[in-house]
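Written below as structure tokens is the structure these notes are about.
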Amino acid sequence: MLPRPYRVIRITRHTHDTFTLEMEPADGNPAPYFQPGQFNMLYLFGVGEVPISISGDPGHTRAYVHTIRAVGTVTEALCNLKIGAQVGLRGPFGSSWPVKEAEGSDIVIAAGGIGLAPLRPALYHVLAHRERYGKVVLLYGTRTPQDLLYRKELEKWRGLFHTQVEVTVDHAARDWFGRVGVVTKLIPGARFDPFHTKAFVCGPEVMMRFTVMELMGRGVETENIFISMERNMKCAVGFCGHCQYGPTFICKDGPVYPYSQIQHLFKTREL
Amino acid sequence: MQVLDKVLSEHPFFKGFKDSTLELLGECARPVQFAAGKTIFREGEPADSFYLLTHGLVTLDIHLPGKGPVTIQTLQEGEVLGWAWLFPPAKWHFDACALQLTRAIRFDGRCLMGKLEQNPELGFELMKRFSQVIVERLQAARLQLLDLYGSGTRT
Numbered sequence: 002m003l004p005r006p007y008r009v010i011r012i013t014r015h016t017h018d019t020f021t022l023e024m025e026p027a028d029g030n031p032a033p034y035f036q037p038g039q040f041n042m043l044y045l046f047g048v049g050e051v052p053i054s055i056s057g058d059p060g061h062t063r064a065y066v067h068t069i070r071a072v073g074t075v076t077e078a079l080c081n082l083k084i085g086a087q088v089g090l091r092g093p094f095g096s097s098w099p100v101k102e103a104e105g106s107d108i109v110i111a112a113g114g115i116g117l118a119p120l121r122p123a124l125y126h127v128l129a130h131r132e133r134y135g136k137v138v139l140l141y142g143t144r145t146p147q148d149l150l151y152r153k154e155l156e157k158w159r160g161l162f163h164t165q166v167e168v169t170v171d172h173a174a175r176d177w178f179g180r181v182g183v184v185t186k187l188i189p190g191a192r193f194d195p196f197h198t199k200a201f202v203c204g205p206e207v208m209m210r211f212t213v214m215e216l217m218g219r220g221v222e223t224e225n226i227f228i229s230m231e232r233n234m235k236c237a238v239g240f241c242g243h244c245q246y247g248p249t250f251i252c253k254d255g256p257v258y259p260y261s262q263i264q265h266l267f268k269t270r271e272l
Numbered sequence: 002m003q004v005l006d007k008v009l010s011e012h013p014f015f016k017g018f019k020d021s022t023l024e025l026l027g028e029c030a031r032p033v034q035f036a037a038g039k040t041i042f043r044e045g046e047p048a049d050s051f052y053l054l055t056h057g058l059v060t061l062d063i064h065l066p067g068k069g070p071v072t073i074q075t076l077q078e079g080e081v082l083g084w085a086w087l088f089p090p091a092k093w094h095f096d097a098c099a100l101q102l103t104r105a106i107r108f109d110g111r112c113l114m115g116k117l118e119q120n121p122e123l124g125f126e127l128m129k130r131f132s133q134v135i136v137e138r139l140q141a142a143r144l145q146l147l148d149l150y151g152s153g154t155r156t
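Chains as they are written, first to last, in the numbering used here: chain U, 2 to 272; chain H, 2 to 156.
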């Protein structure tokens, strides 16, 4: 439960409010191994603690990578850190994208906005073991072309012969040569076999709701659709109850759930 | 089967239509091509046709004063461009522009309307299909209005 000190070794600015921190343990030992989809609690001394998904390559554990949107006191303070600053870190916590169980299946990764960050480790894993999977599709929607995360990597992934990458934005000026429209519109054109597909979905809940509906419309079964949930967290180990979601705790039982497990909760307004 | 009828039969919008129906519809259709950057129609102009897109990417744009054109949606192969011809005052609501080399089958609205009035069953079927397109566009517009990615705390 005690945070371990980490040192910021690299900062990348993506958009006006989104940035990536790369951090390594201050004691020089490697960071603990993590599974794609898990999160850490980042503690900025004297300010507070926030849960942040790990967005780096699970094959590289020398350091942790976190992509963060500055939306509150702690994340805004994290945004102002300089290289060499120290951050307390607890983790990794939570469930993960079932990348092992998905071997032999087609993989559909559908991301909205900053939801691409928790999905990136899954994509790294799948691409590192590409021969173990069928078709691989990345569908990504964001607000404008200026809000695209990991743009260079998106272009690189799009250049791969074995991976379908489709990107859309909600609106754009005429210097954007890609698609404009909601992310769900990308699903009809995605090439996958619905009987042998695992879909990983992450983004705002409304986006996930409509994406799941489209995937089900294509014939993907609910037990093969996985979504990443988010609620306020405090302890991250299932004691405090801040992130209770129905009979589950998102920090411990989630954040990644099979949709079949929580579909009865998903449309419950009070949750 | 004629080449045009074959293209029509393979387009999702006409999926399930009989050959004789496609032949009838084909009498109002012709293949067209637009170079990248070419305007297909402009907001306010008479809407007298629709297009089945078979290749490329088309933007629907609206002009904002001081900001120029803003793309609100793109359409691609397999989709339908234009339903304003069906309803008075039959004027285009947006600009449509080919973002890439775009190929389509253009249907003459007046010719088609004449055939549909003589064949109400076909007219009803076509209206159902256009309604589906309109509903999908409406749903997409509603989702865009939510500004899904604009706020929230997902980290």
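All residues carry an ideal CB built from backbone N, CA and C; glycine is no exception. None of these values were measured; they are calculated from a predicted model.
- A contact is defined here as three or more CB-CB pairs under 8 Å, and the stretch 138-145 of chain U meets this definition with respect to the stretch 178-194 of chain U.
- H:Ala36 places its beta carbon less than 9 Å from that of H:Ala99.
- Neighbours of H:Tyr150 across chain U, judged by C-beta separation under 8 Å: Gly113, Gly114, Ile115, Gly142, Thr143, Arg144, Asp148, Asp171, Gly204, Pro205 and Met208.
- By a beta-carbon distance limit of 8 Å, U:Met208 does not contact U:Ile228. Their separation comes to about 10 Å.
- In this structure, the straight-line span from the alpha carbon of U:Thr74 to that of H:Val81 is close to 47 Å.
- A contact is defined here as three or more CB-CB pairs under 8 Å, and the stretch 86-99 of chain H meets this definition with respect to the stretch 52-60 of chain H.
- In the displayed model, U:Met42 falls within a strand according to three-state DSSP.
- When Cβ-Cβ separations below 9 Å define contact, H:Gln145 makes contact with chain U.
- About 17 Å separates the beta carbon of U:His126 from that of U:Pro33, a gap too long to meet the 8 Å contact definition.
- Contact of H:Val71 with chain U by beta-carbon distance below 7 Å involves His172 and Ala174.
- Ranked by how close their Cα comes to the Cα of H:Lys92, the residues H:Lys16, H:Ser50 and H:Phe18 have H:Ser50 in first place.
- Sixteen is the threshold: when 16 or more other Cβ atoms of the shown chains lie within 10 Å of the Cβ of H:Gln74, as they do, the residue is buried.
- DSSP links U:Met24 through a beta bridge to U:Val9 and U:Tyr65.
- Fewer than three pairs of CB atoms, one per stretch, sit closer than 8 Å, so the stretch 153-173 of chain U makes no contact with the stretch 214-229 of chain U.
- Pairing H:Leu65 with H:Met128 gives a Cβ-Cβ distance that is not under 9 Å.
- Here U:Arg192 carries a coil assignment [DSSP, helix/strand/coil].
- Going by beta carbons, U:Val109 and U:Phe201 fall inside the 9 Å limit.
- With fewer than 16 other beta carbons inside 10 angstroms of its own, U:Met2 counts as exposed.
- Using a CB distance cut-off of 9 Å, H:Lys16 does not count as an interface residue toward chain U.
- Under the 9 Å criterion on CB atoms, U:Pro189 is classed as interfacial with respect to chain H.
- For U:Thr145, there is no enclosing beta strand (DSSP E), as DSSP marks it with neither H nor E.
- If you ignore the 5 residues before and after U:Thr212, its C-beta comes within less than 6 Å of the C-beta of Ala111, Thr185 and Val202, all in its own chain and listed in chain order.
- Counting only the Cα atoms, H:Tyr150 lies some 14 Å from U:Val181.
- Apart from sequence neighbours up to five positions away, the residues of its chain that approach H:Gln34 with a beta-carbon distance below 6 Å are Arg104, ordered along the chain.
- Residue pairing for U:Arg232: DSSP places it in no beta bridge.
- For U:Phe178, the nearest CB of chain H lies under 9 Å from its own CB, placing it at the interface with that chain.
- The Cβ-Cβ distance between U:Pro119 and U:Pro59 does not fall below 9 Å.
- Taken through DSSP and simplified to helix, strand or coil, H:Ile135 comes out as helix.
- Exposure of U:Glu132 is indicated by the presence of fewer than 16 other C-beta atoms within 10 angstroms of its C-beta.
- Counting along the chain, H:Ala97 sits inside the beta strand (DSSP E) bounded by residues Asp96 to Ala99.
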